[in-house]
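Numbering (my numbering), first residue to last: 1191 to 1583.
Structural data, given as structure tokens:
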């Protein structure tokens, strides 16, 4: 049986950063030949595939000079669409990079993870647990510096009170939670459907800033991302994190990567205010936000921990976590928020633009069937691999 798919039209006026005329944006499109790295500068789109065949290679090369690319015209004239049948498709802006994420990086998210754990994934039990936990540790966890002597003292007190949790360990302990969110080439781009497991009854979007890091560990830009989260699965057991986080279409990034330059840098990431809107097909509307200035660990420290005793020869992207944790009821009193099929999630920031994705189930979302081998065969068939220079040693 065919189902209704929410279609969203791309328009640079609201999808791009407010200062788009100053921004250098990196992304991917498919005009029918295959995935193509592009740079958007001054509203014009440049095909960079003969400079580097993949976004990962282009980032590694550091060559973002559009004079070496092919001018494809004005962005709005291309009629970009996430539709698989569109003449020019807008894809996720990353390709060969590993997709990593940091969790429990805000005090509120730490408390909510403990709530899920204590409620054992039962949304109806969360209200009472939340009130008890906020009263006991809410203020302390917001003010302590992770890994500090004060954090150690708080940990000892909470253990004595029987309030300690594995989530508080990564919230205030020396080691951050860094995990693999999604397989290479599986992320969804702007306008594509994001998926929640069909057997999940308590879930939510997670609006985040996503850093783009090259093979040497240098952060070269940032984008918006949705780290779709299943609260009921992880709440039942932290060992279900993989099933809670990594499902078909459960990770979106876009619309483009904004490269660091004189107009945008890490300080803008540190100060970023991320807005979130959820609009349901039934008229439901929820607005929220996440403030990066409340993160408990500096973004560069999270990058450092992600690279601790690890290498990423194609680079990686790193989700930085979120302050947003919806608690208001959607349907039944006391059950909090959960997604409904047909919701449209908009994540936005003045410097990064707007990432928009309709919601479906992971079972009904378009299957992920384009892997690394498919990409390499496509690039070889187009003669693009001959232009690739090996990066590094």
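Ideal placement from N, C-alpha and C gives every residue a C-beta, glycine not left out.
All values derive from a computational prediction rather than experimental measurement.
- Listed in chain order, the alpha helix (DSSP H) runs fully inside the stretch 1237-1323 are 1245-1251 and 1297-1309, counting runs of at least 4 residues.
- In the three-state reduction of the DSSP assignment, residue 1463 falls in the strand class, which pools E and B.
- Ranked by how close their Cα comes to the Cα of residue 1272, the residues 1262, 1505, 1283 and 1263 have 1283 in first place.
- In terms of Cα proximity to residue 1520, the closest of 1561, 1370, 1385 and 1530 is 1530.
- The alpha-carbon of residue 1246 is positioned some 18 Å away from that of residue 1291.
- Residue 1295 is positioned such that its CB atom lies closer than 7 Å to that of residue 1486.
- In the pairwise beta carbon analysis, the stretch 1436-1447 is classified as touching the stretch 1368-1375: at least three pairs are separated by under 8 Å.
- Judged by DSSP secondary structure, residue 1379 falls outside any alpha helix (DSSP H); it is assigned neither H nor E.
- In this structure residue 1552 does not touch residue 1393 by the C-beta definition: roughly 11 Å separates them, more than the 8 Å allowed.
- Restricted to the stretch 1419-1482, the alpha helix (DSSP H) segments that are unbroken, complete and at least 4 residues in length are 1421-1426, 1431-1435 and 1456-1460, listed in chain order.
- The stretch 1335-1418 contains, as complete beta strand (DSSP E) runs of 3+ residues, the segments 1367-1372, 1384-1386, 1397-1403 and 1409-1417 (chain order).
- Approximately 18 Å separates the beta-carbon atoms of residue 1278 and residue 1256; this is outside 8 Å, ruling out the contact.
- Counting C-beta pairs with one atom in each stretch, the stretch 1503-1510 and the stretch 1471-1479 have fewer than three that are closer than 8 Å, which means they do not touch.
- Collapsing the DSSP output to three states places residue 1520 in coil.
- Closest by C-alpha distance to residue 1565, out of 1243, 1514 and 1490, is 1243.
- In the structure shown, residue 1229 adopts extended strand secondary structure according to DSSP, grouped into three states.
- Beta-bridge partners of residue 1562 (DSSP): none assigned.
- Residue 1215: member of the beta strand (DSSP E) spanning 1214-1220, first to last residue.
- Classified as buried, residue 1380 has 16 or more neighbouring CB atoms from the shown chains inside 10 Å of its CB.
- A check of alpha carbon separations from residue 1550 across 1522, 1221, 1212 and 1378 identifies 1378 as the nearest.
- Ranked by how close their Cα comes to the Cα of residue 1262, the residues 1275, 1280 and 1237 have 1237 in first place.
- Under DSSP, residue 1234 takes part in a beta bridge, and its partners are 1231 and 1264.
- Between the C-alpha atoms of residue 1428 and residue 1307 there is a straight-line separation of about 8 Å.
- Per DSSP, the unbroken beta strand (DSSP E) holding residue 1546 starts and ends at 1543-1551.
- For the pair residue 1547 and residue 1473, the Cα-to-Cα distance works out to about 17 Å.
- If you draw a straight line from the Cα of residue 1423 to the Cα of residue 1336, it is about 27 Å long.
- Taking the C-beta atoms as reference points, residue 1213 is found no nearer than 7 Å to residue 1241.
- Between the stretch 1455-1465 and the stretch 1386-1403 there are three or more C-beta pairs closer than 8 Å, enough to call the two in contact.
- Proximity to residue 1376 across 1305, 1502, 1343 and 1435 peaks at 1435, based on C-alpha coordinates.
- Straight-line spacing of the CA atoms in residue 1268 and residue 1216 works out to 16 Å.
- For residue 1537, DSSP records a beta bridge to 1466 and 1545.
- Counting only residues of its own chain and dropping the five nearest sequence neighbours on each side, residue 1313 has a CB closer than 6 Å to the CB of 1392, 1525 and 1526.
- In the three-state scheme derived from DSSP, where H, G and I count as helix and E and B as strand, residue 1507 is classed as strand.
- Here residue 1224 carries a coil assignment [DSSP, helix/strand/coil].
- A check of alpha carbon separations from residue 1387 across 1266, 1421, 1522 and 1364 identifies 1421 as the nearest.
- Sequence-distant Cβ neighbours of residue 1309 in its own chain, meaning closer than 8 Å and more than five residues away, are 1315, 1316, 1319 and 1425.
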